[in-house]
Amino acid sequence: MRTSLVSLLAVMVLGLLSQPILAQKTVSVTVRTDSEAPGYEGHRAMDGNPSTLWHTVWGGSEPTHPHQIIVDLGAPYEISGFVYRARPDGGNGTVKDYECYVSDNKKAFGQPVVKGTLEDRHDDQKVKFPNKVKGRYVCFRALSEVNGKAWTSIAELQLISAGVRFLAKDSIGLPLVREDGTPLTELEVQYISLRHDLRKRANMRKIADEIYRPEASIVETDRDPLDVVLRRTAVLLADVRELTGAPDLSAQQKALAELQADAQKTEVEEDEARFKIYEEVCRVRREIALSNPLLDFDEILFIKHHRSIYNHMCDQYYGMAAAPGGGLYVLQNAFGDQPIVRDVLADSVVQSGRLGGKRLEGGPNRPPAISFDGQGNVSGPKAEGGSFLSPDLSFDAKEIVFAYVECTGDPKHRHHTDASRGHWAEGRCYHVFKVNVDGSGLKQLTDGTWNDFDPCFLPNDRIAFISERRGGYLRCGRVCPTYTLYDMAAGGSDITCLSFHETNEWHPSVTNDGRVLWTRWDYVDRYGCIAHMPWVTTLDGRDPRAVHGNFAPRNARPDMELDCRAIPNSAKFIGTAAPHHGQAYGSLILIDPNIPDDDAMAPVKRITPEIRFPESQGGAQVYGTPWPLSEDYYLCVYDPSMQPKAGMQGRGFHPGNYGIYLVDAFGNKELIYRDPEIACLSPIPLKPRTRPPAAPNIARGGPETDPAARALLPPDEKAREGTMAVVNVYESLLPWPEGTEIKAIRVFQVLPMSVPSGGLRPHETGHRVASAGDSVVPVRWVLGTAPVEADGSAHFVVPANRELFFQAINEEGLAVQSMRSATHVREGERLVCAGCHEPKHRASQPSQEIAALALQRAPSRLTPDVDGSNPFSYPRLVQPVLDRHCVECHATHDKKPISLAAEPIVNHWFTSYNNLVKGYGFHDYGNGLRTTPGRFGAKASKLYEILKEGHFDVKLSKEEMHRITLWLDCTSMFYGVYERESGQAQLRGEIARPTLQ
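Numbering (numbering that gives the first Met the number 0), first residue to last: 0 to 996.
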C-alpha cells in the first residue's frame, strides 16, 4: 500500500480577525479544553474566525468553573500577552475573572503570569503580561462568567508573540487528499475508512445486539481492510444469487475464490500486496452489486445541494440559512461506466406566479462567504442563485415536486405577532414547485413569507409538505420559527394544516398502507434535546401517533430519526439517526414498528454500525437521505470525511462532499456518482412505484365524511369539534397508586410560542420545569373536564384543530397522571385511546369499545373550570385567594414569613409567585421523561401538604382550595400568554388572550 495514503491534510484555516495582529508567519497549534459542546469545540477559539466560538457544555450535567483552554504551541515561544474577544451574539459564557499561565510542562503550570477581570463587551480586549514569558504551553483559565452562569465561551483568543500568528488545527475536518493536494481514489478512501473501522472493534462488540446484519460489524478474524472486504463480498454474492431474477454470477464467484486464495498466501504485514488484492476484490464486488435485480432502473433523480450554513436541526431548513448552489438533476445510465448528468431545469421557465417567466438558478458550486447568525439574520456578500431541496417523484414517475429558495431579499428576520404572515422576505423562503420529468410544465405551487418544503406526493392526489404557516417558535432559545405538516391540492390550492403541533416537524413520506409517516419533535415539559421520532397519521391528519421512541432516554437512542421511509414489501422503515444540534445526516437505521417499544433500541437496528449516532453517542454526519430498495439494499448519500464533530451546532460551514452510493446491510458500498465541488442529496430511482391505498377524507367534509362520527356533534359545532374516548383510563404503562379512583379527565390546550424564546422573549411563562431547564414552560389553558365512568371509560367532545393533552383527576379534584406529549383531533373525528399512557401495542379492541360504559352514551360536553384557568393567569387564579387569606397575616406576623403580596413585581412575576414557586410549588416531575402516577402537581407539592394538614386558622373554601391545586397541577405557571402586551395586561389582572392559538 502506498505510504501517501496515511498522510492526510487535516489543517483548515478559516478567515481572519477583523483587526488581525500583524504576523510574519502562521504557526499551527493544538488546543485542548476541559469541556466543549458539539459545534463549539476548543479549536474555534483560535481559528481566526470571530463568528465561531468555543463554548463549554450546557444543560443537564453541565460542568462548573474553572474552565480552561490549553494551547500546545509545538515549540517554546516568547509570549507577551493575549487578546480576548467575547462571543458577538449574547453574553452566555463571556469570561469575567481569569488567570493565564505559560510553561514548558503541560502538567505543571506553576503560578499565573497574569490574572484579572475582563470587561463585559464584544470587541477585542488586549491584556499585556508584566514581562514576556517563554514556553511551549499556554493555559487560559476562566474563573467566572459575567452573568454568574457555569459556562465559558471565547470567540477568539490570540496569543501575542512577535512575528508569529497562532491558529488552531481544525479538530473536526478530515480532507481526504494527499500531501500534494491530489485527491485519493474512491477505493483508497474506503480503505482508510475501513482501517479506522477496525479500531472500533470493541465498540462494535458492545452494540452487537443492535446491529441489523452482523456482517456489517468488525469481527475477531478481521485483521485489515482486505479481510473485511473479502468477508462482506462473499455475503453479498450469496445474497444476490438468491434474489428473484439474479443473473449468473459464476464468473464473479470464481474470481472471488481466487482472490481469497491469494489473500491467504499474503501476510497481513505486506501492505502493498494486500492493497492490490483489495482493489481486485472491490472490482468483483462492484460487478456483483450492480448486477442486483433490484436495480431495475437506470436513472436516478437527485439534487445537488450545499449543507446549510448553520448547523441545527431547525435552521437547516430556513431559506435564510441556505447556501446558494446546486440544482435538480437526473443521473442517466446510472450504473454504467459513463453516467450522464441531465439538468432537469436547464430549459425550464416558471409558467406563472410571482416568479413567472423566470428560471430557477442554482448559482455557483462554491458559495460565497455568507453567515447566518442563528437569530434569523444572514450577512455577507450578495449571493447569486438559489438553493434546491427535498425532491419527490410521483407514483407514475412523470412529475417531480421540490423546494427552492431564491436567496434574495431582506436578510433580516421580521419580528411581529401577526399570525396571518410569516417572518421572512419571500425571496428568503423555500417554496414548493412542480415540474414534469422532462423539464416541461414548471409551476410554482406555494409562495409567501413562510418556508414551505419537503413536498410529498400522497395517494389521494394531494401533496403533503412542511410549512411555517402554523406559526410559532421553538421554546428552547434563539429565533427559530416552527414548521409542521400541511397538505394541498395537486395544483397548489386548498392549503390545509394537517398537524397542529406547537414545535417542529420534518420529512413526510407515505407508508405502504397509505398513511403519512413523518418526524415530530414532542417535548411537553421535557428536555428539548429528546423525542424527535417518527409519527404516523391518516392522509387527512387524523389519529397522530408516535411509532416508537417518544419517551426514550437520549443516550439510549438516536437524537433524531429523520428521512424515515417505508421499505417495499415490508412493514419496516428505514431512517437516518441524526443530531439535534446538526443537520439531517448520520447513521442509517432500520425501524420495525411491530416490535414493542422498550424506550431503548428494541425496535431499531443499526444498518451502518461503524457510525455511532451523532451527538447522543458521538457519531458523525456521514450518511443521509436513504431510499430503500429492500430491507437490505438502499440508495443514499455518503461522505466519509465528515468527522464526529463536523457540522455540529454553530456557524462553522462544512459543506460536505456527499456522493450517491448503493449501500447494503452487509457493510458494502458502491459509489454511483459524486460531484467534486458540491454535495448530492436525495437520490430516488426514476421509475413508477405502487400507489398505496387512499382512505376517505373524513376531516374535510363532503360525501366522504364519516356520518357516524359527525352525528355525535351538535349541528352548529360540527365544523370545529371532534370527540375523544378512553376505553379504560386504568390501562397504564406505570402502576397507579393503590386505591386510586379516577373521576374525571382534565383537558388542556397547549399554545404555540408566538415570540422567540431566546433573549428577545418578554417574560418567562413560569419557573422552568426541572427536567426541561433549556425550555420555556409551554403555555397551557384548561378547556374543561369530562366525567370518567366506573369502568374507567370516558367519552367527550373537544375542540378540533388544537394541540391537546390530558390529566387524570381523582375524587379530590387532583391530577394523578399528566401527559407529557400532545395530540389533536380533526373536524368530525372520533379518536379512541385504550388507556392512559398505555403500551402502544395494547390497542383497544372493538368488543372493549362496545362494552365501555361511556361509549354507550352521547359524548359529554367539557365542564369549564374557574376564572383564571382559561386563559391561564396566576394573577386571576391564585392571587385573589392569597389576598383574601394570606397577605395581611404574612405582612404583620412577628416571625416575618414570606410575602404573599403581588407587589413588588420582580422578574415580571408577583412577589407571591417568586416566594411560592421554588419551595412550595410544583415544577419537578422527578423523572425526565414520564410522569409517575401520584407524584405530580398538587399531590407532589409542599404547599398542598401544608394546606391539607391545616395552616393556622386559614379556612379555604372548596373553590379556593381548587384554585391553589389547579395552579399546582399546571406546573405552577404564572402567565397564560407569551406576548409582552398580553403579559402586561395579565399583570394588571385583566383577561388577555394570545395572538396565536
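Idealized CB from N, CA, C, for every residue including glycine.
All figures in this text were calculated on a predicted structure; none of them were measured in a lab.
Residue 483 is classed as buried because its beta carbon has at least 16 other beta carbons within 10 Å across all chains shown.
Positions of the alpha helix (DSSP H) runs, each at least 4 residues long and wholly inside the stretch 783-860, are given as 845-850 in order along the chain.
Three or more beta-carbon pairs separated by less than 8 Å link the stretch 24-35 to the stretch 63-75, which places the two stretches in contact.
Around the beta-carbon of residue 134, 16 or more other beta-carbon atoms lie within 10 Å, marking it buried. Take the alpha-carbon of residue 224 and the one of residue 277: they are about 8 Å apart.
Ranked by how close their Cα comes to the Cα of residue 376, the residues 401, 408, 604 have 408 in first place.
Secondary structure note for residue 102: its beta strand (DSSP E) is the uninterrupted segment 96-102.
Taking 8 Å as the upper bound for CB-CB distance, residue 115 and residue 97 are in contact here, some 7 Å apart. Sixteen is the threshold: since fewer than 16 other Cβ atoms of the shown chains lie within 10 Å of the Cβ of residue 951, the residue is exposed.
Taken atom to atom, the span from the alpha-carbon of residue 265 to that of residue 256 is near 14 Å. Following the DSSP letters along the chain, one finds residue 455 inside the beta strand (DSSP E) bounded by residues 451-456. With a contact defined as Cβ atoms closer than 8 Å, residue 805 and residue 744 qualify at about 5 Å. Within the stretch 731-775, complete beta strand (DSSP E) segments of at least 3 residues are found at 741-749, given in chain order.
The beta carbon of residue 665 sits closer than 8 Å to the beta carbons of 212, 214, 215, 231, 234, 235, 238, 631 from its chain, once the five residues preceding and following it are set aside; these are given in chain order. With contacts defined as CB atoms closer than 8 Å, residue 659 and residue 392 fail to qualify as a contacting pair. At the C-beta level, residue 361 and residue 318 stay beyond 8 Å of one another. When only Cα atoms are considered, residue 323 and residue 303 end up about 10 Å apart.
Bounds of the beta strand (DSSP E) holding residue 130 are 123-141. Using a Cβ distance threshold of 8 Å, residue 402 and residue 431 count as a contacting pair. Under the DSSP assignment, residue 261 falls in the alpha helix (DSSP H) whose first and last residues are 249-264. Residue 918 carries a helical assignment under DSSP once its states are collapsed to helix, strand and coil. The stretch 787-803 and the stretch 917-936 do not touch, with fewer than 3 CB-CB distances between them shorter than 8 Å. Residue 967 carries a helical assignment under DSSP once its states are collapsed to helix, strand and coil. Judged by beta-carbon spacing, residue 974 lies within the 8 Å limit of residue 764, meaning their Cβ atoms are closer than that value.
Cβ neighbours of residue 88 within its own chain (closer than 8 Å, five residues either side excluded): 372, 373, 374.
In the structure shown, the three-state DSSP call for residue 192 is helix. Between residue 754 and residue 761 a beta carbon distance of about 7 Å is seen, short of the 8 Å cut, so the two are scored as contacting.
Of 605, 582, 581, the smallest CA-CA separation from residue 591 is found for 605. Boundaries of the alpha helix (DSSP H) harbouring residue 226: 224-240, taken from the DSSP string. Around the beta-carbon of residue 610, 16 or more other beta-carbon atoms lie within 10 Å, marking it buried.
Distance from the CA atom of residue 466 to the CA atom of residue 168, rounded to whole angstroms, is 40 Å.
In this structure, the straight-line span from the alpha carbon of residue 85 to that of residue 95 is close to 10 Å. Your pair residue 860 and residue 866 does not check out as a contact, with CB atoms roughly 19 Å apart and the cut at 8 Å. Inter-residue distance for residue 90 and residue 306 is about 28 Å (C-alpha atoms, whole angstroms). One thing to note: residue 505 has its Cβ within 8 Å of the Cβ of residue 453. One thing to note: residue 448 has its Cβ within 8 Å of the Cβ of residue 425.
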